[in-house]
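Visitor:
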Amino acid sequence: MLEEYRRHVAERAQQGIVPLPLSPAETKSLTELLLAPPAGEEELLLDLLGERVPPGVDAAAYVKAEFLGKIARGELSSPLVSKERAVELLGTMLGGYNVAPLVGLLEDAGLGELAATQLEGILLVADAFDKVVALAKGGNDNAKRVLQSWADGEWFSRRPTLPETITLTVFKVSGETNTDDLSP
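Each residue of the sequence shown is one higher than the one before, starting from 5 at the first, in our numbering.
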């Protein structure tokens with residue numbers, strides 16, 4: 005998998021474009037490598053997991069979220085990804101498949117606070133909102149904290165302030181425009 009990925013990166017670099025995100029199959033292979041990493045590949049594996057798997061509800065994101073959830077719950081272990089790091093990585097996925105594992109971890113004595121911190125920055129929670137409300141009503145302090153953070157808009161107020169001036173470039177295409185006009 006790593007050899008194929010390196011070839012892909014080189015081909016895309018020759019074209020002057022970035023590599024494609026990992027596919028679900030590549031992400032599955034990556035998670036297997038993370039369980040028993042080849043010597044010398046540790047940094048690359050962690051970079052691929054953190055930066056090259058699309059977030060949200062992409063099929064590869066499902067593979068990543070499932071893997072990280074299992075690490076966080078102690079069902080799998082990796083010498084490169086601790087339970088805490090798994091929770092942090094789940095928090096970088098913006099919403100989608102990462103939400104259920106994070107909500108489930110709100111009840112974890114060791115990781116609940118960290119899961120709450122990650123959820124505070126995620127808005128795309130869909131049906132999981134009701135689960136967080138139910139946990140809060142049941143007395144879960146981590147869930148209460150998440151709800152209060154969402155209510156206070158901390159997901160927005162914690163972001164860096166916008167600069168006073170933003171310089172942009174406009175690419176005008178006459179006629180009907182679609183994404184084909186922007187492809188390499």
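From the three backbone atoms N, C-alpha and C, an ideal C-beta is built for every residue, glycine too.
What would DSSP say about glycine 99, mapped onto helix, strand or coil?
Guide: Three-state DSSP puts glycine 99 in a strand.
Visitor: Looking at the secondary structure, which residues open and close the alpha helix (DSSP H) in which valine 176 lies?
Guide: Sequence inspection shows lysine at residue 176; the valine mentioned does not correspond to that position. Careful: lysine 176 lies outside any alpha helix (DSSP H) and carries neither H nor E.
Visitor: Take arginine 149 as the anchor and find which of Lys176, Leu118 and Thr183 has the nearest alpha-carbon.
Guide: Nearest C-alpha to arginine 149: Leu118.
Visitor: With distances taken between CB atoms, is the gap from tryptophan 159 to glycine 116 smaller than 8 Å?
Guide: For tryptophan 159 and glycine 116, no; Cβs fall outside 8 Å.
Visitor: CA-CA distance, serine 161 and leucine 106?
Guide: One C-alpha to the other measures close to 22 Å.
Visitor: Please classify aspartate 62 as buried or exposed, where buried requires at least 16 other C-beta atoms within 10 Å of its C-beta.
Guide: Buried, because 16 or more other Cβ atoms sit within 10 Å of the Cβ of aspartate 62.
Visitor: So which of Ile21, Pro41, Val22 and Gln18 has the shortest CA-CA distance to leucine 6?
Guide: It is Pro41.
Visitor: Taking the alpha-carbon positions, what's the valine 57 to glycine 100 distance?
Guide: Using only the alpha carbons, I get a separation of about 13 Å.
Visitor: Please go through the same chain and pick out, in chain order, the residues whose beta-carbon is closer than 7 Å to the beta-carbon of glycine 143, but skip the five residues on each side of it.
Guide: Excluding positions up to five away in sequence, the list is empty.
Visitor: Which value, in whole angstroms, describes the spacing of the CA atoms of glutamate 180 and proline 25?
Guide: Glutamate 180 and proline 25: Cα-Cα distance of roughly 28 Å.
Visitor: Hey, quick one: how far does the alpha helix (DSSP H) through asparagine 146 stretch, first residue to last?
Guide: Note, asparagine 146: alpha helix (DSSP H), 145-156.
Visitor: Can you give the beta carbon distance from valine 91 to leucine 38, rounded, assuming they're within the 8 Å contact cut?
Guide: Going by Cβ atoms, the distance from valine 91 to leucine 38 rounds to 15 Å, so no, they are not a contact pair.
Visitor: Could you tell me if valine 136 is buried or exposed, where buried requires 16 or more neighbouring beta carbons within 10 angstroms of its beta carbon?
Guide: Buried: at least 16 other Cβ atoms inside 10 Å.
Visitor: Can leucine 53 and leucine 110 be called in contact, C-beta distance under 8 Å?
Guide: Cβ distance not < 8 Å, so leucine 53 and leucine 110 don't count as in contact.
Visitor: Between the alpha carbons of glutamate 88 and isoleucine 75, how many angstroms are there, rounded?
Guide: Distance between the alpha carbons of glutamate 88 and isoleucine 75 is about 9 Å.
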